[in-house]
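Heads up: the structure comes next, in structure tokens.
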Amino acid sequence: MSTPDRTSDLARIRRALEAAAEAIAPYRSGDVAWRAKSGRGDPVTAADHAADEALRRALLEPGEGWLSEESADDPARLAAERVWIVDPLDGTREFVDGIPEWCIS
1123 MSTPDRTSDL ARIRRALEAA AEAIAPYRSG DVAWRAKSGR GDPVTAADHA ADEALRRALL
1183 EPGEGWLSEE SADDPARLAA ERVWIVDPLD GTREFVDGIP EWCIS
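In the numbering used here, each number is its position in the sequence shown, counted from 1, plus 1122.
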């Protein structure tokens, strides 16, 4: 395993978070449509998917793995040296309800 460049990693993560925040901005009006993902009280919105795609585009490089709450799992990630594990919109229920207790993680 190579020695990671932490400064470069942090800059990449920051750009990814900024891209995800920009991607969900249009959905922050407080009138967000949602559907149940896996059961009652487990909503998913277009904002979740927009953030997921923005994070994926900004973070994922060839040879890296991806595990996200909002996208299908790829078992190939198990062989990757680096795996990004994300929850594009952690606190979707709060986001939908307009409560500022959510984050991009």
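Glycine is no exception: its CB is placed at the ideal position from the N, C-alpha and C atoms.
Query                                                                                                                                                               : Result
Looking at LEU1177: is its Cβ nearer than 7 Å to the Cβ of PRO1210?                                                                                                 : yes
Throw me the rounded Cβ distance for the GLU1192 and VAL1166 pair, which I believe falls under 8 Å.                                                                 : 7 Å
Compare the C-alpha of SER1190 against each of LEU1200, TRP1206, LEU1132 and name the closest.                                                                      : TRP1206
Could you tell me whether the Cβ atoms of ALA1145 and ALA1168 are closer together than 7 Å?                                                                         : no
So what does DSSP say about LEU1211, is it helix, strand or coil?                                                                                                   : coil
So, for ASP1174: in the same chain, excluding its five sequence neighbours on each side, which residues have a beta-carbon less than 6 Å away from its beta-carbon? : SER1190, GLU1192, SER1193, PRO1210
Beta-carbon within less than 6 Å of ARG1204's beta-carbon, same chain only, minus the 5 sequence neighbours each way: which residues are those?                     : GLU1186
When you compare the CB positions of TRP1156 and VAL1208, do they come within less than 7 Å of one another, or not?                                                 : no
Can you grab the Cα-Cα spacing for the pair ARG1179 / ARG1134, in whole Å?                                                                                          : 11 Å
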